[in-house]
Structure formats: C-alpha cells, structure tokens
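K.L.:
For the sequence shown, this note's numbering assigns the number 19 to the initial residue and increments by one for each residue that follows. Can you keep this structure in mind? I'll have questions shortly.
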Amino acid sequence: MGKQIFIFDTTLRDGEQSPGCKLNKNEKLILAQDLERLGVDVIEAGFPISSPGDFDAVKDIASIIKSATVCGLTRAIKKDIEVAADALKGAKRPRIHTGIGTSFYHIHHKLQITEDQVIERAIEAVKYAKTFVEDVEFYAEDAGRSENDFLARVVEAVIKAGATVVNIPDTTGYCLPENYGQKIKYLFENVKGIHKVTISTHCHNDLGLATANSLAGVQNGAQQVECTINGIGERAGNTSLEEVVMILKQHKGLDFTTNVNSEQLTSISRKVSALMRMPVQSNKAIVGVNAFAHSSGIHQDGVIKNRLNYEIIDPKSVGAEESAIKLTARSGRAALKYRLEKLGYNPKKEKLDSIYADFLSVADLKKEVDDNDLIGLMHKEAMLPVT
Ligand code: KIV
Ligand code: ZN
C-alpha cells in the first residue's frame, strides 16, 4: 500500500495568484468540486482577507466541500486570522494556514524585525488560530533560503504552540533537490516533537526543480505536498500536482501512495487551462498534448510494435486519449501504414512505397500530415484532372 502522502492543492490560491489566472467565484466553486472528486486531501481555497471576492469564494467553497479539508491563507496577523476563521466557519474540516518569513532577506529586508520577534509572532499567530480551529498549518516563508538552525527553532516553537502541519516552502525556487531534502532531514533530526505533526513541502519552480525538490522532501520524511494543477502559480509556478502524483504512482519501489484518482488528471488539467485561459505547454509532462505523441520513425516503429518500448505511463491511467502516432517528415513507413490502416486502407508494399515518397514531399511542406492529407494521397490518381 505504501506510506500515504497528502496532496494539498493550492490551484485556487497560489495558482490563481499568478498573472492572468484570475477566476470568478463560480469558476472557483466548479474547480473546488472537481478537486474534491479528484481526491486531493486539502483544498487551499484562497486568502480571505485579500479581497471581499476571495472571502466569499472561500466561504462558499467551505460550505459545499464534503470530505476534503478546506484551508484559508493568512499572514501572522490577528485580523487576517479572524477573517479566515470567519470564511471557514461552514467547513466540515477547516484549516488555517498562517506564517511568517524566516530567511535573512525576509527578516531584515521585508519584515525589518529581529529573529526573536519572528518567533514571537509565529507562536502568537499559531496560538490565535488555534482559538478558532483545531487544524493549524504554519508556513516558514522562504524556508528554502533560511538558515537551518534558525528554521529548526521556529518549527519547534510553532509545534509547541499547537501547529498540526508545518510547511517548509522553497518560496523562491532556489534549492537544489539535495539541499531541500537535507533541510527536511535536518528538521527531523533536530526538532523536538516533529513526529507529532505533518511536515509539508511547498516548492516553486523558478529553476525548474519544484517537482524534484518536493520528491526529495517526501523521501526525507515530508508527508504532505503542496502543488497546483498544471503547475501554475507565482512566477514560474508551483510544483505540478499531476507530476507528483504520477511519480509516486509509477515508482512503486518508493512505496508512497496518494488518494488522487489519476484517471481524472487530463480532464481537470484541461478545465483549469480553459477556465484560467492559461494554455498548457505541448510538451508538459503528463498533461501536455504531446505527452503521449510519437513523431520520429524510430520511436513510432517501436511504439507500434509495443507501446512499452517508448512509454512509461499508460495514457489511460491519466485519462488521456491513446498514444498518438504523429505523421511528420521524420516518420517512417511503419507509421504511415499504421495510420492508413486506422483510416481503413490496407495498401500493398508497392503502393505503400509510392505513397511514402509522396507523403515525404507533403511532410516536408507541412509540419504534420493529417488524415485529410492521407486520404488525398490514397486517391491521388483519381483526383488528377482527366486529359
Ligand atoms: O511560496 C510561499 O512561501 C507561499 C506561502 C504563503 C505558503 O505560498
Ligand atoms: Zn507559494
């Protein structure tokens, strides 16, 4: 069965925060229900104090979600916590997510307070949030660039204050997987009481390492991963939910499991992309349109003989259409024959050879040869003008 990793989805908060991804309340409600159906454990529904619209969205999501935990973000500020608690009042499983910066930059250049004051504010925020809800998650903002010994002091203090989950964000996406994994390991080795709480990863993708860092965190003891559909989020985005889920699913030897129903990954990815008007790059792992498309002759020949020659994921397991054999100038006869057969043709060897030559001329002119082109090639003689 494997150790359970909790999936904390922040598409509606960190994801929606990215430029151009704004959703209206109705769209958020639709996605929240889809996320619950997908099987995520926690839905971060928004940052209630940030706007009346976000407050309303969190409140309405809290009232319709049945089994997932619904979470609202706050700063370590009393008013933020009161507003979040109010928005979460109707939730079956409410969680307040509060926190403060712990890196040198954040302490000295953003907050402009001392290390001791950071700890005091962290404790105060957690204790205050606990007066409203039992489940309080603390984030140590910019933990990725924070000194490990100071971070350990903060984490120990918030656990003592009652935090149930402690989030170790690589806010700026700076860490290498090895550093991030070591950071989590260091906390497990140096923080009293750490085994009483869930340690969470929250990795940004500024260097394209968000997924690798989250995985390193999990391999060193973190039990929750914060992520978004399609990896959307601030700047270069957050850890992509579909990547984490499929890594844990495909690598059985890691011995981790999630509650996510992977067959829904393609449809929810497309829905998020459509509602946010944010296209998914074609070569995006798991959900890009080319994720199961093969275009070079060598690969196509291999896939036609046995999909497993070039595919490590069954497209059906993520709800995608079957593997696609794309016809380009790099395709060979095996792919051409395969696609013609799909259209109901069964050309003999000589016919296939002559069509293949014509096919290459068309393919050199076009990026991709489609079904209409193939039908045209098959009926070329019939289409020639009568002289
Ligand atoms: O990236 C980050 O540090 C965050 C926190 C607010 C959790 O999004
Ligand atoms: Zn973030």
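Glycine included, each C-beta is placed from N, C-alpha and C at the ideal position. Since the model is a prediction, treat every value here as computed from it, not as a measurement.
Comparing C-alpha positions only, which one of Val176, Cys89, Thr120, Ala50 sits nearest to Ser164?
P.N.:
Comparing Cα positions, the closest option is Thr120.
K.L.:
From Glu329 to Val387, what does the alpha carbon distance come to, in whole angstroms?
P.N.:
About 23 Å.
K.L.:
Does the distance between the C-beta of Asp32 and the nearest non-hydrogen atom of the ligand KIV fall short of 7 Å?
P.N.:
Because some heavy atom of the ligand KIV lies under 7 Å away, the Cβ of Asp32 counts as near it: yes.
K.L.:
List the endpoints of the continuous beta strand (DSSP E) containing Ile48.
P.N.:
Ile48 -> not in any beta strand (DSSP E); alpha helix (DSSP H) instead, spanning 43-56.
K.L.:
For Thr219 versus Val236, is the C-beta spacing smaller than 8 Å?
P.N.:
Contact flag set, yes.
K.L.:
Would you call the stretch 280-297 in contact with the stretch 63-71, where contact means no fewer than 3 C-beta pairs closer than 8 Å?
P.N.:
Cβ pair count under 8 Å is below three, so no.
K.L.:
Under the assumption that Tyr198 contacts Ala234 (Cβ atoms under 8 Å), give the Cβ distance between them as a whole number of angstroms.
P.N.:
With a Cβ gap of about 5 Å, Tyr198 and Ala234 count as contacting.
K.L.:
Would you say the stretch 110-117 touches the stretch 150-165, given that touching needs at least three Cβ pairs under 8 Å?
P.N.:
They touch, by the three-pair rule.
K.L.:
Identify the residues that DSSP records as bridge partners of Val243: which are they?
P.N.:
Ile25, Thr219.
K.L.:
How many Å lie between Gly337 and Thr149 at the Cα?
P.N.:
Rounded to whole angstroms, Gly337 to Thr149 spans 43 Å at the Cα level.
K.L.:
Since Ala158 is in the beta strand (DSSP E), which residue starts that stretch and which ends it?
P.N.:
Segment 153-159, the beta strand (DSSP E) holding Ala158.
K.L.:
Is Arg113 helix, strand or coil by DSSP?
P.N.:
It is a strand residue.
K.L.:
The beta strand (DSSP E) spanning Glu62 covers which residue range?
P.N.:
Note, Glu62: beta strand (DSSP E), 60-64.
K.L.:
Grab the span of the beta strand (DSSP E) containing Val183 for me, first residue to last.
P.N.:
Per DSSP, Val183 belongs to the beta strand (DSSP E) from 183-188.
K.L.:
DSSP three-state label for Lys276, please.
P.N.:
It should be pointed out that residue 276 corresponds to Thr in this sequence rather than to Lys. DSSP places Thr276 in coil when its eight states are reduced to three.
K.L.:
Could you tell me whether any non-hydrogen atom of the ligand KIV is closer than 7 Å to the CB of His397?
P.N.:
Because no heavy atom of the ligand KIV lies under 7 Å away, the Cβ of His397 does not count as near it: no.
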